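J.: Sharing a structure here in structure tokens format.
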Amino acid sequence: MKIIRARDYDHMSRQAANIISAQVILKPDCVLGLATGSSPIGTYKQLIEWYNKGDIDFSRVRTVNLDEYVGLDYSNEQSYIYFMRNNFFDHVNIDLTNTNVPCGTNPDAAAECARYDYIIKELGGIDLQLLGIGPNGHIGFNEPGDSFIKGTHKVALHESTIQANKRFFEREEDVPKFAFTMGIVDIMQAERVVMVASGENKAEAVRNAFFGPVTPRVPGSILQLHKNFTLVADEAALSKI
Ligand code: F6R
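The sequence shown stops at residue 286 when you use our numbering, and every number in between is there.
This is the structure:
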């Protein structure tokens with residue numbers, strides 16, 4: 046595990062964008078695993094800036110997103126498919142048919158999870174997985190529990206996750222209670238994993254995940270066992286280690 050200490054959110058975002066940019070330059074048809082939330086927004090902004098300067102070409106890149114709320118589709122501004130288009134896909138030359146997000150409105154959860162794991166397999170796995178971390182230590186929406194769940198699954202969001210994410214919704218009752226998420230094995234099989242973490246409210250999760258035991262009670266802790274994991278975190282997120 047490598048830790049890149051960044052001064053602040055902007056510095057963290059540039060460092061992470063540099064790693065992703067190198068990946069795309071080295072392998073133009075790479076498979077990027079992508080995340081949503083406030084942590085990677087700056088990274089996407091930086092990548093868009095470099096794309097506009099002509100420094101990165103996304104035309105052959107394929108993507109798989111980590112997760113999606115159950116019940117939301119592109120017409121809902123809080124859906125993760127909307128987020129990805131709004132914050133990244135619509136601003137670079139990525140081919141939308143090469144992008145994948147779990148379908149939140151598929152009523153057949155088992156079929157959706159199987160479909161998504163099949164997509165990851167067909168793509169040949171993930172070259173670089175970008176992650177954030179929840180204040181409770183979740184990665185994707187793999188919530189703390191008694192065991193690690195391997196593949197894509199439907200998950201009941203923890204109350205702490207609903208509380209953390211209500212800032213994006215008008216009313217707390219609008220926050221979906223369920224999500225589809227890639228599983229721990231999907232993430233662990235990525236060739237390289239890069240996590241961005243910023244702010245004091247992530248400091249405890251960072252300490253528990255990377256300076257404590259590997260346990261499903263802190264899902265991010267499994268990354269201690271990943272062969273090529275880099276944490277890019279700012280001073281505030283590293284303040285408890
Ligand atoms: C998002 C995701 C989540 C977030 C985490 C942190 O696709 O999978 O695990 O990375 O909840 O969210 P932010 O960055 O909003 O603090």
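Using N, Cα and C, we set each Cβ at its ideal position, and we do this for glycine too. Note that the structure is a prediction, hence the values are computed from the model and not measured.
1) Just the Cα atoms here: how many angstroms apart are Ala156 and Lys195?
2) Mind checking which residues open and close the beta strand (DSSP E) that includes Val287?
3) Report yes or no: do three or more beta-carbon pairs, one from the region 123 to 141 and one from the region 161 to 172, lie closer than 8 Å?
4) Per DSSP, Gln174 is paired with what?
5) Roughly how many whole angstroms lie between the Cα atoms of Gly149 and Thr226?
6) In three-state terms, what does DSSP make of Arg52?
7) Could you tell me whether any non-hydrogen atom of the ligand F6R is closer than 8 Å to the CB of Phe186?
8) Can you tell me whether Ala159 is helix, strand or coil according to DSSP?
9) So, are the CB atoms of Ile229 and Phe193 less than 9 Å apart?
10) Taking only the alpha-carbon atoms, compute the straight-line gap between Lys47 and Asp53 and give it to the nearest angstrom.
11) State yes or no: is the C-beta of Tyr125 nearer than 8 Å to some heavy atom of the ligand F6R?
12) Give the C-beta separation of Val263 and Met240 to the nearest angstrom, bearing in mind that I take them to be a contact with Cβ-Cβ under 8 Å.
13) If you measure between the beta carbons of Leu176 and Val238, is that distance less than 9 Å?
T.: Inspection of the coordinates gives the following:
1) Cα to Cα, the separation comes out at about 16 Å.
2) Lying outside 46 to 286, the shown extent of the chain, residue 287 is not represented and no answer is given.
3) No, the region 123 to 141 does not touch the region 161 to 172.
4) DSSP lists Gly78, Val238 as partners of Gln174.
5) Their backbone Cα atoms lie some 10 Å apart in a straight line.
6) Here Arg52 sits in coil by DSSP.
7) True, at least one ligand heavy atom lies under 8 Å from that Cβ.
8) In the three-state reduction of the DSSP assignment, Ala159 falls in the helix class.
9) For Ile229 and Phe193, yes; Cβs fall inside 9 Å.
10) Near 18 Å, if we compare the C-alpha coordinates of Asp53 and Lys47.
11) Yes, the beta carbon of Tyr125 sits closer than 8 Å to at least one heavy atom of the ligand F6R.
12) Distance from Val263 to Met240 at the Cβ level is roughly 13 Å; contact not present, criterion being Cβ atoms closer than 8 Å.
13) For Leu176 and Val238, yes; Cβs fall inside 9 Å.
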